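This report refers to the structure that appears directly beneath it.
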Amino acid sequence: MTLSVKDISLRFGGVSALTNVSFDVQEGQVTGLIGPNGAGKTSLFNVVSGIYTPTSGQVFYNDHEISKLRLDQINRLGVARTFQNIMVFPELSLVENVMIGRQSRTKAGALSSIFRTRKERNERSEAERRSIELLSYVGLDKKKDELAKNLPYGEQRQLDIARALATDPKILLLDEPAAGLNLQERVSLKALIKKLNAMDYTIVLIEHDVKLVMDLCSRIVVLEYGNKISEGDPQQVQSDPKVIAAYLGSGGE
1 MTLSVKDISL RFGGVSALTN VSFDVQEGQV TGLIGPNGAG KTSLFNVVSG IYTPTSGQVF
61 YNDHEISKLR LDQINRLGVA RTFQNIMVFP ELSLVENVMI GRQSRTKAGA LSSIFRTRKE
121 RNERSEAERR SIELLSYVGL DKKKDELAKN LPYGEQRQLD IARALATDPK ILLLDEPAAG
181 LNLQERVSLK ALIKKLNAMD YTIVLIEHDV KLVMDLCSRI VVLEYGNKIS EGDPQQVQSD
241 PKVIAAYLGS GGE
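Each residue of the sequence shown is one higher than the one before, starting from 1 at the first, in UniProt numbering.
This is how it looks when you write it as structure tokens:
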């Protein structure tokens, strides 16, 4: 397995955000994480990615415990994420945005950067080449020199995903990637996620578009008030009375 969440609990003072949540993500799988507002989905992503340290429980990535590691350490191991709010630099070009994401993969030191050594120049050239390649994955390579602020909202989402890919992750955590997208943009996003999964990226996504989740995911985990109430394939989850009562029956979020 790639990712294993074991009995994760998270408390802020007297408030429980997560209570004994456990599930596994298999390599090559697209896993959905759904639930009503306040269910604890983003809190769980924050634990997995190293933003929060769990109150109790453990997270394992490829059999290595990562529960107490920092965000940057977990990222270097091969776990990358996007956020609900788009995280791009509006005044930079698309290729510059992705190149910034690749900085953690470069080995040239500060002095090399100052004096523009051959090593630094070679690394910059390789970073630019790889960044353009990643932009091609999300369909934006033809716009590589445009400023990020000039992109339509849906393409800014795609750029955000390219930035996450810049660290060469094995597992990609997508936090509400379809938020704010129109119908055509959602169709494009669905195709992109399928493409990335076919390229051997393991994907976990938080999403409120239940149909998108059901179409994309082979495994779905459902949270309510910080507790896991269901887990299974789309058909199992759709027919689970607890899920219908808590989420699907009320039309989602």
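Where is the CB? At the ideal position from N, CA and C, for every residue including glycine. Just so we're clear, the structure is a prediction, and the values are computed from it rather than from any experiment.
Legend entry - Same chain, Cβ closer than 6 angstroms to T55, five either side skipped, listed in chain order: The residues are S9, L10, R11.
Legend entry - C-alpha distance - G57 paired with D7, whole-angstrom precision: Between the alpha carbons of G57 and D7 lies a gap of roughly 5 angstroms.
Legend entry - Proximity of R102 and A164 at Cβ, strictly below 8 angstroms: In this structure, A164 does not lie closer than 8 angstroms to R102 by Cβ.
Inset, instruction - Consult DSSP for I220 and reduce its assignment to one of helix, strand or coil. - result: Correct three-state label for I220: strand.
Legend entry - Residues bridged to N227 [DSSP beta-bridge criterion]: Partner(s): E224.
Inset, instruction - Would you identify the three-state DSSP class for K6, choosing helix, strand or coil? - result: In the three-state reduction of the DSSP assignment, K6 falls in the strand class, which pools E and B.
Legend entry - Nonlocal neighbours in the same chain, by C-beta distance under 6 angstroms from R127, ignoring five residues either side: This sequence places Ala at residue 127; Arg is not what is there. Within the same chain, Cβ atoms closer than 6 angstroms to the Cβ of A127 are found at M99, R102, the five residues on either side in sequence being excluded.
Inset, instruction - Report the option in N182, L69, L192, D233 whose CA atom is closest to the CA atom of L174. - result: Looking at the Cα atoms, L192 is the closest of the given residues.
Legend entry - T53 versus S67 - alpha carbon distance: Cα to Cα, the separation comes out at about 6 angstroms.
Legend entry - I244 in three-state terms, based on DSSP: If DSSP states are grouped into helix, strand and coil, I244 belongs with the helices.
Inset, instruction - Would you kindly check if the distance between the Cβ of G50 and the Cβ of L33 is under 8 angstroms? - result: Not closer than 8 angstroms, so no.
Inset, instruction - In the DSSP assignment, find the unbroken alpha helix (DSSP H) run with N46 in it and report its ends. - result: Where N46 is concerned, the enclosing alpha helix (DSSP H) stretches over 41-49.
Legend entry - Cβ pair P177, L134 closer than 8 angstroms: No, the pair does not count as a contact, with Cβ atoms beyond the cut-off.
Inset, instruction - Measure the beta-carbon distance from K242 to L216 and round it to whole angstroms, keeping in mind my assumption that it falls under 8 angstroms. - result: The beta-carbon separation of K242 and L216, rounded to 22 angstroms, does not stay under the 8 angstroms limit for a contact.
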